[in-house]
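Position 320 of the sequence shown, counting from 1, maps to 357 under the working numbering, and the rest follow consecutively.
Read the structure below first, then the notes.
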Amino acid sequence: MTVLANRPDIKEKIGYGLGDFASSMYWKFFSVYLMVFYTDIFGISAAAVGTMFLITRIWDTANDPIVGVLSDRVNSRWGKFRPFILFGAVPFALIGILTFTTPDLSTQGKLVYAYVTYTLMMMAYTIVNVPYASLLGVMSSHTEDRTALASYRMVFAFAGSIFAFLLIDPLISFFSDIGTGEPDLERGWMLTMVVYGVIAAGLFFCTFALTKERIQPPKSQKNSIKADLKNLLANKPWFILLGAALSTLIFNSMRDGSAVYYFKYYFEIESIELLGFSLGVTTTYLIVGQAANILGVVLAKPISAILGKKQTFMFAMFGAAIFSCGFYFMNEQQFLFILLLQVLVSICAGIIFPLLWSMYADIADYSEHTTGRRATGLIFSSSSFSQKMGWTLGGAMTGWTLAIFGYEANVEQTEQAKEGLKLMISFIPAAGALLSGLFIIFYKLTDDVVADINKQLMDKRELEQSAS
């Protein structure tokens, strides 16, 4: 295995983080607002949206391992993974804009358009983000560097989310009111996405320019998709982490996807005064959550240094499940308590994300140690798979639950529908967090085990370098 001697400096860590700032702007825009855009602006039913989210995954689930396998086999002057970021940035931005564009079509035509653009968006997301995630596994072989890179990534990711949440309402309002006559919300949503798309593409170019790939597979390793897939399917820690990540993303997706509906149709107050500014309750709730996520990311390293990554992950998810249940007992007169619960849940959720990415890198090392083969892209493709599948299942469950409880867009909701909104932000996502913690109980790659594996791999790399 070839490893460059130098290690990532602060500029490179920031450059890596900028990539997730870009992705997170899109991800939060889609995970929080796409459902309500489709139902309240675009004009298709919640049940149809939920079914679309699920059906499109049949194709999309194949994309993640395909891109992982392809990126593992790329050999260019820019490395294996960075070229995907370079050439995928512009399509990523353009297709996002098309997804939030409302064509003048029949209801059936709009549904077909939504299927096509949403499917293309997920493909573009995969093409950029599987290699981006895999990049962490080859920028350094040092565990502390990986944890630092993952932490930078998540801080920038949540900063990107805050950026998106702060701008979405004023941008939609500004672009909707351009010109004369009634506000055009369809134009407002589309032009807002143009702003985010331009920013995202520019940040991906920065990530490409500022990062380096240092680790290469063993020189003796021959390309074999069959061998890589066989090794992956025999990798028990990978299966366990995949289950935990999928459950975590269902948890996050349902909470995010239901928040707009919860505050739009359950609350009587629409905004609050904070430091002389008027903020919508939804925006306030989401921004507080992202800020608390950042605090969780910062706490992940010192807490995991004491408890270990496995124990920290497990307790954080159990805590998130418990605090999420508290939302069911809140009402519109208890907004400050809701924000307090949001802080506690979001700190717990923020803690696990840098651990998750670091654990994927550990699994890549474990695979190399046990099989003699390294398939970083294929292993990290599961991170994108779990992210999108969790988002999809959470989104589908959100749409179906809305339909089951009798939700109708832009009207006063029945008591039954309001009960559904309470469940969607409390007990239902809490089950996902609980399941994630239960998965991690069976995860065997503790910090001591990983340290021993890393030492053996480092010794092997030094022998290979001295022999070459």
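For each residue, glycine too, the CB sits at the ideal point set by N, CA and C.
Runs of the beta strand (DSSP E) lying entirely within the stretch 257-313 and spanning at least 3 residues, in chain order: 308-311. Apart from sequence neighbours up to five positions away, the residues of its chain that approach Phe364 with a beta-carbon distance below 8 Å are Ile375, Leu378, Lys459, Ile462 and Ser463, ordered along the chain. The C-alpha of Ile209 lies about 15 Å from the C-alpha of Tyr75. If you draw a straight line from the Cα of Leu279 to the Cα of Pro220, it comes to about 44 Å.
If you ignore the 5 residues before and after Thr138, its C-beta comes within less than 6 Å of the C-beta of Met227, all in its own chain and listed in chain order. The three-state reading of DSSP puts Leu482 in coil, since its state is none of H, G, I, E or B.
With respect to the C-alpha of Leu270, the residue from Lys481, Trp96, Met495 and Pro102 having the closest C-alpha is Pro102. With respect to Asp265, Leu415 sits close: the two C-beta atoms are nearer than 8 Å. As summarised for the stretch 305-365, the continuous alpha helix (DSSP H) elements at least 4 residues long and confined to that stretch are 318-344 and 346-362, given in chain order. Note on Gln450: 16 or more other CB atoms within 10 angstroms of its CB, so buried under the neighbour-count rule. Bounds of the alpha helix (DSSP H) holding Ile236 are Leu222 to Leu247. C-alpha of Ala196 to C-alpha of Ala328: approximately 8 Å in a straight line. In summary, Trp428 is buried, with 16 or more beta-carbon neighbours lying within 10 Å of its beta-carbon over all protein chains present. Between the stretch 435-444 and the stretch 183-200, the count of C-beta pairs closer than 8 Å stays below three; the two stretches do not touch.
When secondary structure is reduced to three states using DSSP, Gly116 falls in the strand class.
The stretch 167-225 is shown to contain whole alpha helix (DSSP H) runs of 4 or more residues at 180-213, in chain order. Going by beta carbons, Asp109 and Thr413 fall inside the 8 Å limit. According to the DSSP assignment, Asp402 belongs to the alpha helix (DSSP H) that extends over Phe372 to Thr408.
Distances from the alpha-carbon of Val175 to those of Gln453, Ser295 and Glu405 put Glu405 closest.
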